[in-house]
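Chains as they are written, first to last, in the working numbering: chain A, 51 to 520; chain B, 53 to 425.
Structure below.
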């Protein structure tokens with residue numbers, strides 16, 4: 051540690067002479083956080099690096115520095131710019147990625163040497179960039195440029211002891227100038243924040259979370275709860291420093307800095323199509339009908355049949371039973387398996403019962419259908435449903451599966467809902483929504499209370515003179 | 053992939069990755085050889101990322117050995133539509149991955165060996181690494197005619213490519229990885245690496261096709277295990293370390309904290325397809341319908357894997373113009389992906405007039421559009 055101190059002080063002296071180069075030398079011995087089991091000992095490398103990039107010109111506030119494309123090695127003189135990670139006006143910290151360039155078969159990530167704001171990109175995508183020539187112009191904020199790693203400059207209320215304390219830990223806090231400003235405004239020591247960004251970088255969210263915890267606390271929070279290492283510990287490296295257990299004073303109220311902005315996005319693609327579908331649906335004259343069904347016997351039946359289905363490789367849920375029941379109902383009331391033309395002038399009675407099952411997937415609310423349920427057994431339906439479900443979760447449902455539906459069942463019970471008001475999916479004319487099966491007390495024929503399995507079903511049915519009961 | 057357990061030990065990477073202290077495996081200085089126990093291309097690429105991001109390579113360089121179950125791996129700045137037959141990949145359940153290094157497209161299967169040489173940025177030397185591989189091969193079979201070209205390929209018999217190279221340079225670390233064809237299925241290789249998509253214009257890095265041959269064809273006794281062993285032996289000699297291959301499990305968070313997130317990121321659509329440089333599709337197709345054949349011209353700009361601009365030129369009145377413009381508007385902003393398009397067009401179909409003829413035409417048009425993706 052003493053040697054480190056000596057190196058550090060000489061580094062600091064050097065830093066006073068250097069204005070442009072942010073010298074992340076000796077104090078950049080990264081504190082061994084338990085998350086990574088490897089030791090990053092970059093001090094040796096950085097010190098020599100510092101000497102090579104030594105400059106003595108004076109720097110005024112907000113000076114624009116031309117960051118040149120450094121030597122790539124292997125005698126390469128030119129590369130192609132393939133991707134920019136920043137744009138003009140963005141603020142960057144040292145070591146942030148600036149762009150990706152390609153040379154022959156090598157892809158190279160160019161990182162920033164400075165903290166500052168990007169003022170100019172010298173190349174556009176796919177242009178050839180030259181080694182030794184300017185890549186970007188960065189405006190450096192001189193007040194922050196001199197002592198970038200230590201917090202003592204940014205947080206005046208901190209005592210000298212705190213500063214020394216941080217130095218002894220050798221803790222380098224990575225944060226952009228904007229984040230540092232936020233911390234300073236709120237009198238927060240960056241060393242108390244656990245960074246969740248890359249390389250333990252402290253992000254704005256980390257400061258905001260810390261603030262939120264502060265204002266919400268009634269008692270001083272215990273240090274362990276406050277500082278949670280983002281990654282699991284390793285046995286071979288010591289745990290996070292226990293001396294972070296300062297008493298954190300609980301303020302009565304703090305102004306919470308919330309910089310969220312409203313975000314407007316156009317509705318495109320699938321979502322737009324769904325909006326159109328639902329608007330059309332609400333134009334179909336319909337009414338809703340609810341009922342409560344006692345499924346006690348069905349629950350029992352399924353328990354008995356589940357293992358039999360499993361032997362044949364089929365997962366048996368309740369849906370196949372409901373689908374088959376719906377089909378039997380449709381045989382009695384074919385008007386519900388019909389389609390109206392555009393002007394509600396003709397009705398087409400569909401012969402097949404292609405019963406759709408609403409699925410919530412990554413792509414959105416998708417409704418594949420089981421074809422010809424009228425000739426399928428419960429087991430066959432279950433098997434087909436399994437197939438549709440796995441295609442659905444893989445995002446691979448095809449046109450055949452997604453078209454030709456004549457009636458739909460929506461199972462809101464799978465996400466725990468008990469009641470719902472579904473929307474009819476044109477060109478169909480009816481839809482049934484199934485709630486969760488609940489265990490509720492009911493009276494049986496003898497007037498005794500028993501444990502019943504109850505499910506609510508809500509249907510949207512077309513307006514007809516003699517509305518059938520399904 | 054069964055490894056000879058006599059030669060290899062699986063133990064905590066944490067033991068290996070510390071800076072060596074006196075008394076701890078004192079022979080292990082200068083190099084480390086690790087081999088993946090997984091054949092999942094995403095997990096293995098994630099290990100590369102992890103080592104590149106987190107390991108200190110100053111005192112010790114690393115050789116990483118890995119093999120994948122069937123997968124196509126494209127370079128960082130490439131266009132998968134241009135490079136491979138995506139339809140065939142989906143059919144055969146072959147994975148598609150985008151690596152972080154540059155270079156061209158390769159096909160991996162268990163008959164292909166991948167070698168990654170990790171060093172500091174300063175010590176990054178592709179030629180030396182490839183010479184090491186050639187030296188290992190020649191030590192194994194002195195009569196093998198293998199040499200390194202100035203394009204960093206390894207050729208067999210002066211004509212067949214048996215290894216391709218790519219590299220990634222970061223701020224302080226770098227890696228060079230290469231393939232080695234041992235017993236890969238050449239038939240699948242050539243069919244998946246042939247793109248059926250026409251009319252693509254882009255600045256993405258193109259691949260340079262080459263005739264390939266397996267080492268196995270040259271000498272049937274050269275199996276993957278034999279080759280891996282020989283290369284590890286040569287690496288161990290040159291780095292003055294034990295010929296000891298350490299197995300690592302790429303799913304183990306305790307040894308590689310954060311690795312599963314890296315693997316997940318590599319599988320996202322945004323990375324695999326979304327990172328494709330902007331390109332344009334300008335093509336046409338014929339639709340045969342009821343005794344007539346019509347020519348449909350399509351022009352699309354695809355950026356970040358999504359359709360930015362879409363133009364479909366249909367003969368007059370074949371489809372109601374309102375419907376056609378509905379299709380174009382909906383496709384704009386959508387992913388350039390046949391499954392996404394299926395979901396979109398089947399939803400749009402619900403609000404189409406219930407006219408059988410109209411719906412058939414719509415379906416024909418949409419199916420053809422999907423074939424472009």
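Ideal placement from N, C-alpha and C gives every residue a C-beta, glycine not left out.
For residue 423(A), no alpha helix (DSSP H) segment is defined, and its DSSP state is neither H nor E. No residue range can be given for residue 126(A), since it is assigned to no alpha helix (DSSP H) and is classified by DSSP as neither H nor E.
Of all residues in the region 138-152 of chain A, only 145, 150 and 152 place a beta-carbon less than 8 Å from a beta-carbon of chain B. When 418(A), 437(A) and 494(A) are compared, the shortest CA-CA separation from residue 458(A) is found for 418(A). Within the same chain, 396 and 400 come within 7 Å of residue 382(B) by CB-CB distance, once the 5 residues on both sides are set aside. Taking one beta carbon from each stretch, the region 141-156 of chain B and the region 111-131 of chain B have 3 or more pairs nearer than 8 Å; the two touch. For residue 335(A), the three-state secondary structure derived from DSSP is coil.
Residue-level contact check: residue 153(B) touches chain A, since one or more beta carbons of chain A fall below 7 Å from its beta carbon. Taking 8 Å as the Cβ-Cβ cut-off, the region 150-181 of chain A approaches chain B at 150, 152, 153, 154, 155, 156, 157, 158, 159, 161, 175 and 176, given in chain order.
Contact annotation: residue 385(B) and residue 259(B) have beta-carbon atoms that are not nearer than 7 Å. 338(B) is the residue among 305(B), 137(B), 338(B) and 113(B) whose C-alpha sits nearest the C-alpha of residue 418(B).
When CB distances to chain B are screened at a threshold of 8 Å, the residues of the region 123-138 of chain A falling below it are 123, 124, 132 and 133, in chain order. Note: residue 376(B) is not bridge-paired with any residue in the DSSP secondary-structure output.
Contact annotation: residue 264(B) and residue 213(B) have beta-carbon atoms nearer than 7 Å. For the region 220-232 of chain B, the beta-carbon criterion of a distance under 9 Å to any beta-carbon of chain A is satisfied by 220, 221, 222, 223, 224, 226 and 228. Contact note: residue 483(A) does not reach chain B at a C-beta cutoff of 9 Å; the least C-beta distance is about 18 Å. With contact defined as three or more Cβ pairs closer than 8 Å, the region 150-169 of chain A and the region 110-119 of chain A are in contact. Per DSSP, the continuous alpha helix (DSSP H) segment holding residue 106(B) begins and ends at 93-106.
Taken through DSSP and simplified to helix, strand or coil, residue 491(A) comes out as strand.
Contact holds between the region 315-333 of chain B and the region 84-97 of chain B, because three or more Cβ pairs, one in each stretch, are under 8 Å apart. The beta-carbon of residue 99(B) is placed no less than 7 Å from the nearest beta-carbon of chain A. Interface annotation, residue 439(A): not in contact with chain B, CB-CB separation never under 7 Å. Judged by DSSP secondary structure, residue 152(A) falls within the beta strand (DSSP E) whose first and last residues are 147-153.
For residue 320(A), the nearest beta carbon of chain B is closer than 7 Å to its own beta carbon.
Considering only beta carbons, no part of the region 243-265 of chain A lies closer than 7 Å to chain B. A straight line joining the alpha-carbon of residue 254(B) with that of residue 388(B) spans about 15 Å.
Here the region 175-189 of chain A does not lie against the region 174-190 of chain B, with fewer than 3 beta-carbon pairs under 8 Å apart.
Looking at the backbone, the Cα of residue 429(A) and that of residue 109(B) are separated by about 59 Å. Per DSSP, reduced to three states, the secondary structure at residue 341(B) is strand. Not a single C-beta of chain A is nearer than 7 Å to the C-beta of residue 150(B). DSSP places residue 480(A) in the coil class of the three-state scheme, outside both helix and strand. Under a 10 Å Cβ-count criterion, residue 317(A) is classified as exposed, with fewer than 16 other Cβ atoms of the shown protein chains found around its own Cβ. At least 7 Å separates the CB of residue 378(A) from every CB of chain B. Among the bridge pairs identified by DSSP, residue 511(A) is matched with 337(A). In this structure, residue 299(B) places its C-beta atom within 7 Å of the C-beta atom of residue 87(B). Taking each of 431(A), 442(A) and 421(A) in turn and checking the Cα distance to residue 411(A), the smallest one comes out for 442(A).
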